[in-house]
Structure formats: structure tokens, C-alpha cells
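What follows is one structure encoded as C-alpha cells, with my remarks underneath.
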Amino acid sequence: MRLHHQHPQSRVFRYNIGKYQWHGSSRYYLGKDLPGIPGVLAVYAERRQGRNGPYTFLMSITLN
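Structure follows, in C-alpha cells:
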């Protein structure tokens, strides 16, 4: 969240409305490059736990 604090005008949003089953460790998700999307500073996986097991939301930090 350091990036979010470095850009006070940025906001955190869910990248999409999907909910994905969590597989493996966070190392698998770190450092993945995405094609440039205007206004998006970063996309990250936020891990959660539900009745049906662990899952993740894709979150984004945007300048819009």
C-alpha cells in the first residue's frame, strides 16, 4: 500500500468483479508484468478466506 500513499490522488478498486480460487503461495502471484493500462499504477491479489476455502480478489490502484 506504499504506492497508494505515495500518490494521494490514487484510489483502490477491485480490478474486476470475479472471485478466484487461491492456489499455491503468494510467491506465485508476485512480480507478474501486465500490459500497460492507462491510469493503473498496480494490480495485486488480495487473499481472503470463505466458507468454501481460500480465494482472492484482483485489486488495482488507479489514478482515475
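If you want the working numbering, it's the 1-based position in the sequence shown plus 9.
Just so it is clear, CB atoms sit at the ideal spot from N, CA and C, and this is done for glycine as well.
Listed as beta-bridge partners of G59 by DSSP are G62. Inclusion of T71 and V52 in the CB contact set at 7 Å is not warranted, their separation being larger than that value. The secondary-structure analysis by DSSP pairs S69 across a beta bridge with F22 and V52.
Residue burial annotation: S19 is buried, with at least 16 other C-beta atoms found within 10 angstroms of its C-beta. In the three-state reduction of the DSSP assignment, H14 falls in the helix class.
With 16 or more neighbouring CB atoms inside 10 Å of its own CB, S69 falls in the buried class.
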